[in-house]
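Colleague: Going by the numbering used here, the sequence shown opens with residue 138, and the numbers climb by one from there.
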Amino acid sequence: MLTGQSRMNKSRHDVLNIFDKEKHMSETKNLNQHHYRRIYIMCIIFFFVQFFSVESLLHAQIFLKVQSSETGVPRGRTFGAGWIDFNHDGYLDLVCNNYDQPVTLYINKKDGSFAMSDALTPLGVGSYFSGITWGDFDNNGENDLFLTTLQGGNVLLKNLGSGNFVRVENSQANTIPDIHLHCTYVDYDNDGWLDLFVPTVASFNFVRGGGSESYLFHNKGNGIFERVTSSGLTSDLANHQCANFADYDNDGDLDLFTTDWQNDNLLFENNGDGTFTNTTGTGLNANTSISMTCCWGDYDNDGFLDLFVGNGSGDNVTRQNNMLYHNNGNKTFTKIMTGDLVNTPSCTWTSVWSDVDNDGDLDLLTGELMDANAAYINDGKGNFTKTNIFSAASTGTSGLVLGDYDNDGFLDLYASEASGLGNTLYHNVGNSNNWLMITCEGKLSNRSGIGAKIKIKTSISGKPLCQMREINGNQGFRSFCDIKGHFGLGDATMIDSLIVEWPSKMRTVRTNVTVNQILKIEEDVPEGTLKARFINDVSEGTGSFTVNFQDLSISSGAHPIVSRAWDLDGDGIDDSHEQNPVFTYHGTEGRLMSVRLIVSDGQKSDTVRKENLIQLIAKNYASGKTVTASSFRSTAYSPLKAIDGNPSSYWASQSSDDEWIMINLDSAYTINKITLRWHAQYYAAEYLIQTAVDTLNWSTVSSRNNSAGGVEEIFFAPVQAKYVRIHCLKRASGNTGLYGIYEIEVNRQYVNGVEESHVKPESFQLEQNYPNPFNPTTRISFSIVKKAFTTLYVFDVLGRQLSVLVNREMNPGSYTYLFAADHLPSGIYFYRLQTAEEVATKKMVLLR
Numbered sequence: 138m139l140t141g142q143s144r145m146n147k148s149r150h151d152v153l154n155i156f157d158k159e160k161h162m163s164e165t166k167n168l169n170q171h172h173y174r175r176i177y178i179m180c181i182i183f184f185f186v187q188f189f190s191v192e193s194l195l196h197a198q199i200f201l202k203v204q205s206s207e208t209g210v211p212r213g214r215t216f217g218a219g220w221i222d223f224n225h226d227g228y229l230d231l232v233c234n235n236y237d238q239p240v241t242l243y244i245n246k247k248d249g250s251f252a253m254s255d256a257l258t259p260l261g262v263g264s265y266f267s268g269i270t271w272g273d274f275d276n277n278g279e280n281d282l283f284l285t286t287l288q289g290g291n292v293l294l295k296n297l298g299s300g301n302f303v304r305v306e307n308s309q310a311n312t313i314p315d316i317h318l319h320c321t322y323v324d325y326d327n328d329g330w331l332d333l334f335v336p337t338v339a340s341f342n343f344v345r346g347g348g349s350e351s352y353l354f355h356n357k358g359n360g361i362f363e364r365v366t367s368s369g370l371t372s373d374l375a376n377h378q379c380a381n382f383a384d385y386d387n388d389g390d391l392d393l394f395t396t397d398w399q400n401d402n403l404l405f406e407n408n409g410d411g412t413f414t415n416t417t418g419t420g421l422n423a424n425t426s427i428s429m430t431c432c433w434g435d436y437d438n439d440g441f442l443d444l445f446v447g448n449g450s451g452d453n454v455t456r457q458n459n460m461l462y463h464n465n466g467n468k469t470f471t472k473i474m475t476g477d478l479v480n481t482p483s484c485t486w487t488s489v490w491s492d493v494d495n496d497g498d499l500d501l502l503t504g505e506l507m508d509a510n511a512a513y514i515n516d517g518k519g520n521f522t523k524t525n526i527f528s529a530a531s532t533g534t535s536g537l538v539l540g541d542y543d544n545d546g547f548l549d550l551y552a553s554e555a556s557g558l559g560n561t562l563y564h565n566v567g568n569s570n571n572w573l574m575i576t577c578e579g580k581l582s583n584r585s586g587i588g589a590k591i592k593i594k595t596s597i598s599g600k601p602l603c604q605m606r607e608i609n610g611n612q613g614f615r616s617f618c619d620i621k622g623h624f625g626l627g628d629a630t631m632i633d634s635l636i637v638e639w640p641s642k643m644r645t646v647r648t649n650v651t652v653n654q655i656l657k658i659e660e661d662v663p664e665g666t667l668k669a670r671f672i673n674d675v676s677e678g679t680g681s682f683t684v685n686f687q688d689l690s691i692s693s694g695a696h697p698i699v700s701r702a703w704d705l706d707g708d709g710i711d712d713s714h715e716q717n718p719v720f721t722y723h724g725t726e727g728r729l730m731s732v733r734l735i736v737s738d739g740q741k742s743d744t745v746r747k748e749n750l751i752q753l754i755a756k757n758y759a760s761g762k763t764v765t766a767s768s769f770r771s772t773a774y775s776p777l778k779a780i781d782g783n784p785s786s787y788w789a790s791q792s793s794d795d796e797w798i799m800i801n802l803d804s805a806y807t808i809n810k811i812t813l814r815w816h817a818q819y820y821a822a823e824y825l826i827q828t829a830v831d832t833l834n835w836s837t838v839s840s841r842n843n844s845a846g847g848v849e850e851i852f853f854a855p856v857q858a859k860y861v862r863i864h865c866l867k868r869a870s871g872n873t874g875l876y877g878i879y880e881i882e883v884n885r886q887y888v889n890g891v892e893e894s895h896v897k898p899e900s901f902q903l904e905q906n907y908p909n910p911f912n913p914t915t916r917i918s919f920s921i922v923k924k925a926f927t928t929l930y931v932f933d934v935l936g937r938q939l940s941v942l943v944n945r946e947m948n949p950g951s952y953t954y955l956f957a958a959d960h961l962p963s964g965i966y967f968y969r970l971q972t973a974e975e976v977a978t979k980k981m982v983l984l985r
């Protein structure tokens with residue numbers, strides 16, 4: 138097997154042979170004058186033939202197919218794939234989402250081959266996974282993995298380091314309904330923590346109109362992703378195939394473009410305040426094609442990201458032209474109408490920008506469903522020519538991922554194919570052009586550097602040239618490219634200047650940078666910076682469990698952190714002054730506790746508080762209990778399978794609207810919460826939660842009139858109940874029943890709210906807690922008359938804040954919250970309700 142360097146040397150040798158022939162022909166000008174004209178003409182003809190032969194050689198077979206027997210990566214059938222340096226050895230590893238096999242991680246052996254790793258095997262990550270995205274969501278220096286599936290049940294894997302992953306079970310992103318083919322990490326609010334966007338495919342019917350909501354999850358900074366519904370991104374019903382973020386208007390925050398195979402494509406502009414606006418007038422939105430893929434890249438080196446949109450086929454027969462939009466720099470785009478790139482009928486499923494020949498401009502690769510994958514080579518003037526640069530054709534491609542797996546400076550290609558023809562690894566044979574690759578590590582910004590812009594200035598072929606790359610591994614459809622910024626430099630031997638513009642608005646500047654290297658750049662921290670940050674390894678447990686905390690606080694070099702104060706159980710009292718404390722939790726089931734860290738550099742201090750971070754998991758009273766139902770569809774879906782701890786089995790009712798499932802808890806318990814995990818399609822839009830101490834007298838404790846399915850946590854006022862019933866009234870899709878429930882939990886949860894009424898109250902009011910005195914729990918009720926950001930705090934007699942019961946925007950209504958004080962001594966305490974316009978405080982007594 139030829140190494141990358143030997144292939145490169147062979148290509149260079151062939152090119153030099155051609156130039157030697159040209160030199161020999163030029164010497165024939167000294168022949169007899171009689172033959173001069175004929176020889177001159179022959180030389181001209183020969184020059185052009187050889188010139189185009191050189192160009193053909195440089196572009197033909199840039200990508201050489203590597204046999205799977207040489208690499209150790211089976212051909213297989215794969216949807217999405219991704220390159221990442223999983224083990225920090227400086228070489229890219231590969232993850233494959235396989236069609237009929239479990240998700241697989243291949244470790245780079247540094248010799249051009251890979252070895253299958255068992256790191257993911259114990260986690261039960263099966264087949265039919267589609268989208269993939271890598272990112273360090275907890276800023277601990279390890280890349281974490283999120284995967285979407287075609288069958289419901291996405292997977293978030295936290296990287297603990299040393300080759301170990303743990304499956305994050307309580308993430309809201311895991312349990313959303315519908316089908317999700319694509320996903321991407323993004324720090325959309327520039328708070329230094331990676332958030333997550335998951336587009337939704339509601340249907341595989343290629344019919345205009347309809348769709349479902351997509352999902353945006355905000356990283357709370359504690360490894361917990363919380364769904365955001367007020368961003369403006371997820372309210373439009375759509376069939377989003379692909380969704381990729383980019384700062385198209387160069388204002389410092391990431392905007393979003395989505396493709397849709399049933400509706401118009403959409404461009405959402407980031408407003409800089411955590412919300413987005415669906416733009417009009419940009420020239421991008423109108424679309425009558427079935428769009429599958431999109432990718433951003435500055436193909437003309439003018440400093441603004443341009444957009445490619447690839448179109449698919451509704452019948453796997455009809456081909457369509459793809460679309461290229463030039464960014465005009467004023468929030469408008471011009472649709473390019475000429476050239477091979479937009480006039481080659483195709484069925485394009487994925488795409489990626491890359492400088493495959495390292496000449497200083499971006500080329501485009503497309504993955505084709507019905508034809509051979511295509512390459513469009515940029516001539517440096519924004520003109521693209523379709524060129525065969527593959528040594529062996531591949532088709533049926535569902536993902537293209539670029540990454541330099543042998544560190545020779547030229548991007549290699551992995552083409553994943555779910556059609557059954559087999560995946561293909563291509564090695565880039567390279568040429569004599571120079572290069573630079575940059576790894577960005579954020580400090581104030583997210584550690585992965587996602588959203589950072591790298592700008593370089595060089596001189597290529599004697600002409601000054603500026604290039605720009607934006608860090609984001611998700612290019613094209615459901616795949617993840619190497620996240621490093623890659624630059625082709627042609628004959629440039631030095632980089633005059635290099636600037637990194639970070640999401641935090643900081644800038645890092647380097648000058649006279651050496652070519653042909655992989656350079657790591659860390660974000661500069663300005664003098665006087667002090668920012669408290671921390672992470673923890675687990676956030677919940679049962680009985681007695683231990684949590685390891687890690688201080689990630691940031692300070693400038695001249696003023697390092699000199700002291701720390703940790704309140705690890707939310708009681709307002711410092712529990713540790715260590716840098717990375719270990720704390721053991723125990724107490725009342727269902728209790729939630731906040732954690733606070735104060736850091737000081739001797740001159741100033743900073744505080745971070747994560748509300749309700751630690752949870753003592755409440756017992757599921759329904760686990761293993763007897764279940765009965767009004768009906769069930771078949772013996773294959775017995776109602777007794779509804780609560781078996783197996784998330785793949787579920788209760789399926791008969792096809793009628795009025796159906797119910799009932800759990801016998803065996804004994805009466807005080808409960809105030811039920812959690813339902815619905816089938817992705819067969820969930821109830823309208824239903825009642827009912828309780829009883831016998832089977833005759835049922836009380837409705839909660840009702841839902843417009844359920845969105847997925848996993849629903851339903852709180853209600855505490856009641857004594859032996860029986861719990863989910864009474865389904867109307868299915869979400871259509872007028873017939875057939876309800877599907879995978880799992881049910883019934884328990885008691887402390888320090889959580891109960892929305893008792895949506896009727897607008899007459900006045901702002903804070904009620905006296907009940908009971909009072911209390912031991913150890915009490916209920917606090919209040920009313921607000923208009924939508925407002927609301928806080929409900931508990932203090933001791935010294936004014937120290939002990940607990941935060943509410944800290945969010947709330948709609949008009951009446952609410953009841955439970956306060957658990959089993960960790961506090963007897964005494965007098967105060968609770969305060971506050972909005973922007975109103976405030977009220979009352980006293981309560983804990984008497985043990």
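Cβ atoms here follow ideal geometry from the backbone N, Cα and C, with glycine treated the same way.
Going by DSSP in three states, V479 sits in which element: helix, strand or coil?
Modeller: helix
Colleague: Can you check whether the CB of A218 is closer than 9 Å to the CB of S700?
Modeller: no
Colleague: Pairing CB atoms from the segment 670-686 with CB atoms from the segment 594-608, are three or more of them under 8 Å?
Modeller: Counting Cβ pairs under 8 Å, fewer than three are found: no touch.
Colleague: Would G540 and D492 qualify as a contact pair, given that the criterion is a beta-carbon distance under 9 Å?
Modeller: The answer is no: Cβ separation not under 9 Å.
Colleague: In angstroms, rounded to a whole number, what distance separates the CA positions of S641 and G389?
Modeller: Cα-Cα distance, rounded: 9 Å.
Colleague: Which stretch, first to last residue, makes up the alpha helix (DSSP H) that contains T321?
Modeller: Per DSSP, T321 belongs to no alpha helix (DSSP H); it is in the beta strand (DSSP E), T321 to V323.
Colleague: Roughly how many angstroms separate the alpha carbons of T487 and H714, rounded to a whole number?
Modeller: 51 Å
Colleague: Just verifying my parser: in three-state terms, what is the DSSP assignment at E554?
Modeller: strand
Colleague: Taking the runs of the beta strand (DSSP E) that are 3 residues or longer, which of them lie wholly in the segment 584-666?
Modeller: 590-597, 600-607, 622-627, 631-638, 644-651 and 655-659
Colleague: Taking only the alpha-carbon atoms, compute the straight-line gap between N381 and D477 and give it to the nearest angstrom.
Modeller: 24 Å
Colleague: Can we say the segment 233-240 touches the segment 636-651, given the rule of at least three CB pairs closer than 8 Å?
Modeller: no
Colleague: Is Q687 helix, strand or coil when you go by DSSP?
Modeller: strand
Colleague: Looking at the structure shown, is T258 part of a helix, part of a strand, or coil, going by DSSP?
Modeller: Residue state, collapsed to three classes: helix.
Colleague: Give me the Cβ distance between M643 and D661, rounded to the nearest whole Å; I'm assuming they're in contact under 8 Å.
Modeller: 6 Å
Colleague: Within 10 Å of its beta-carbon, does Q204 have 16 or more other beta-carbons around it, so buried, or fewer, so exposed?
Modeller: exposed
Colleague: How do the segment 807-825 and the segment 841-859 stand: do at least 3 beta-carbon pairs fall below 8 Å, yes or no?
Modeller: yes
Colleague: Could you round the C-beta distance between D549 and G249 to whole angstroms and report it? I think they count as a contact, below 8 Å.
Modeller: Their Cβ separation, rounded to whole angstroms, is 10 Å, which puts D549 and G249 out of contact at 8 Å.
Colleague: Cutting at 6 Å between CB atoms, please list the residues of its own chain near L825, excluding the five before and the five after it.
Modeller: Only T837, S840 and H864 meet the Cβ criterion.
Colleague: Which value, in whole angstroms, describes the spacing of the CA atoms of D226 and M574?
Modeller: The straight-line gap separating the alpha-carbon atoms of D226 and M574 is approximately 16 Å.
Colleague: Taking 9 Å as the threshold (C-beta atoms), are L231 and V210 in contact?
Modeller: yes
Colleague: Assuming the contact rule is C-beta atoms closer than 8 Å, G622 and I591 should be a hit. Round their C-beta distance to whole Å, please.
Modeller: The Cβ separation is near 4 Å, so the contact holds.
Colleague: Would S790 pass as a contact of Y860 if the rule is Cβ separation under 9 Å?
Modeller: Judged by their CB atoms, S790 and Y860 are not nearer to each other than the 9 Å cut-off.
Colleague: Over what stretch of residues does the beta strand (DSSP E) that includes E882 continue unbroken?
Modeller: Here the beta strand (DSSP E) through E882 covers G877 to N884.
Colleague: For the candidate residues G559, R728, N224 and D831, whose alpha-carbon lies nearest to that of G298?
Modeller: N224
Colleague: I'd like the span of the beta strand (DSSP E) that includes S206, first residue to last.
Modeller: Run containing S206: none in the beta strand (DSSP E); it sits in the alpha helix (DSSP H), S205 to T208.
Colleague: Let me check understanding here. Comparing Cα to Cα, which of V454, G707 and K594 lies closest to R647?
Modeller: K594
Colleague: Under a three-way DSSP split, which group does Q309 fall into?
Modeller: helix
Colleague: With DSSP run on the structure shown, which of helix, strand or coil describes E974?
Modeller: coil
Colleague: What beta strand (DSSP E) runs, 3 residues minimum, are completely inside the segment 229-307?
Modeller: 230-235, 241-245, 251-254, 266-272, 281-286, 292-298 and 301-304
Colleague: Name, in chain order, the residues that DSSP records as bridge partners for G579.
Modeller: Answer is none; G579 lacks a bridge partner.
Colleague: Round the Cβ separation of T396 and S372 to the nearest angstrom and send it over; I've been treating them as touching at under 8 Å.
Modeller: The Cβ separation is near 18 Å, so there is no contact.
Colleague: Once the 5 residues before and after G268 are set aside, which same chain residues still bring their CB inside 6 Å of it?
Modeller: G217, T285, L318, H319, C320 and R615
Colleague: Kindly indicate the opening and closing residues of the beta strand (DSSP E) around G101.
Modeller: Nothing can be reported for residue 101, as the shown portion of the chain is limited to 138 through 985.
Colleague: F441 by DSSP, collapsed to three states: which one?
Modeller: In the structure shown, F441 adopts coil according to DSSP, grouped into three states.
Colleague: Nearest by alpha-carbon distance to N464: which of D443, D315 and M474 is it?
Modeller: D443
Colleague: Looking only at its chain, what residues have a beta carbon closer than 7 Å to the beta carbon of E664, apart from the 5 residues adjacent to it on each side?
Modeller: S693 and A695
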